[in-house]
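Let me begin by presenting the structure, written as structure tokens, before commenting on it.
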Amino acid sequence: MEVGSRYGGLVKRVVADPKGGAGVGIILAFTVLPFLRPLLTKYPPLAVGVGAPNQPPSHAHLLGTTSLGQDVFSQFLAGGLVPVEVGVLTGVFTSLLVVLIGVPAGYYSEKLGRLLTLITDVFLIIPSLPLIILLGVYLGPSLLNQVLVLTLISWPFPARVVASQVISLKERGFVLSAKALGASDGRVMFGEVLPNVVNLIISNSVLVIIFAILFQTAISFLGLGVPTQPGWGNMLYYAEQSGAIASGEWWWVVPPGLGILTVAFAFSLLFLRIEEILGLEVR
């Protein structure tokens with residue numbers, strides 16, 4: 001079975017389920033909202049002085065204003081794209097590394113498998129957040145750097161999971177038959193084995209996306225975000241720096257916080273549905 005048909009079948013089964021469909025719907029909503037922002041509010045997200053500073057929600061400013069008189073509603077609408085973008089790109093890049101490293105590591109388990117295990121153990125020992133912060137400071141603030149750093153931290157564990165599955169699959173009859181017919185190692189790995197682990201790769205990529213969204217928000221909250229991007233993590237950072245959290249200006253804090261939790265929850269629903277499908281396939 002080809003990778004494309006497996007992927008298409010997985011997508012249909014995810015969307016058809018209420019849990020998976022709800023997750024996809026929430027993710028699409030927060031992805032589309034930034035592009036609809038000009039229709040929903042007249043204020044640019046980073047424009048200063050569009051209202052009086054530190055004002056609670058009102059008819060003119062639905063979610064109030066910041067200490068610089070910026071419209072919080074506009075920032076909230078625009079801010080959802082940043083964590084989703086970083087999360088999805090991290091998931092995609094991680095999946096590519098899993099395919100290019102995890103599959104061969106499982107296929108050549110005696111040599112590459114041990115090296116992958118060693119690399120994974122090293123990353124499991126090193127605390128993730130301090131390492132992300134150090135790399136973020138060294139590389140500088142940009143969305144691409146955030147994606148690269150999060151990918152570097154994320155790929156070893158899913159690669160190890162996929163490699164373990166490949167070790168099991170390479171002894172199956174269809175793989176042995178392909179070898180007996182003279183198929184090259186590359187043809188066996190990517191033509192026979194890969195289609196049977198693609199759903200597992202997708203499942204792990206969703207976990208990586210959740211991890212990346214939460215950590216992107218965390219490093220932005222710590223002041224390592226991109227200043228010119230109205231992301232939710234940046235909103236929380238500037239709210240904390242301006243004393244909004246301490247003074248109880250909830251309208252500046254609650255919307256981005258709920259947005260982050262909602263998007264992470266949506267991807268969690270997606271992950272749970274994919275895991276259910278994988279469980280059924282195993283049985």
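Residue numbers for the sequence shown follow the UniProt record's numbering, so the first one is 1 and each next one is one higher. All C-beta atoms, glycine included, are put in the ideal place defined by N, C-alpha and C.
Contact between residue 81 and residue 72 does not hold, since their C-beta atoms are separated by about 16 Å, which reaches or exceeds 8 Å. Pairing residue 267 with residue 209 gives a Cβ-Cβ distance under 7 Å. Residue pairing by DSSP puts residue 65 in a beta bridge opposite 71. Excluding sequence positions up to five before and after residue 24, its CB lies within less than 6 Å of the CB of 15, all in the same chain and listed in chain order. Proximity to residue 205 across 22, 57, 141, 151 peaks at 151, based on C-alpha coordinates. Excluding residues up to 5 positions away in sequence, 48, 49, 50, 51, 52, 53 lie with their Cβ nearer than 7 Å to the Cβ of residue 69 in the same chain.
Rounded to whole angstroms, the separation of the alpha carbons of residue 232 and residue 260 is 7 Å.
Within the region 76-143, not a single complete beta strand (DSSP E) segment reaches 3 residues in length. Put simply, of 101, 46, 98, 96 the residue whose alpha carbon is nearest the alpha carbon of residue 76 is 46. Residue 170 sits away from residue 108, with the two beta carbons spaced by 7 Å or more. Contact between the region 212-231 and the region 133-150 is present, with at least three C-beta pairs closer than 8 Å. Counting along the chain, the unbroken alpha helix (DSSP H) around residue 235 starts and ends at 232-241. Residue 145 and residue 200 have their alpha carbons spaced roughly 27 Å apart. By the beta-carbon neighbour count (other beta carbons within 10 angstroms, threshold 16), residue 274 is buried. Per DSSP, residue 222 is not a residue of any alpha helix (DSSP H), being assigned neither H nor E. Taking C-alpha positions only, residue 181 is separated from residue 192 by approximately 13 Å. In this structure residue 35 is not in contact with residue 263, their Cβ atoms being roughly 16 Å apart against a cut-off of 8 Å. Under the DSSP assignment, residue 193 falls outside any alpha helix (DSSP H); it carries neither an H nor an E label. Straight-line spacing of the CA atoms in residue 97 and residue 86 works out to 16 Å.
Counting only the Cα atoms, residue 112 lies some 12 Å from residue 120. Here the C-alpha atom of residue 230 lies approximately 27 Å from the C-alpha atom of residue 271. Sixteen is the threshold: since fewer than 16 other Cβ atoms of the shown chains lie within 10 Å of the Cβ of residue 137, the residue is exposed.
In this chain, the alpha helix (DSSP H) harbouring residue 28 covers 18-40. For the 7 Å CB-CB criterion, residue 94 and residue 155 form a contact. Where residue 156 is concerned, the enclosing alpha helix (DSSP H) starts and stops at 156-169. Residue 181 carries a coil assignment under DSSP once its states are collapsed to helix, strand and coil. Closest in alpha carbon position to residue 127, among 74, 153, 105, is 153. The alpha carbon of residue 105 has as its nearest neighbour, out of 265, 214, 228, 185, the alpha carbon of 185. Here residue 248 carries a coil assignment [DSSP, helix/strand/coil].
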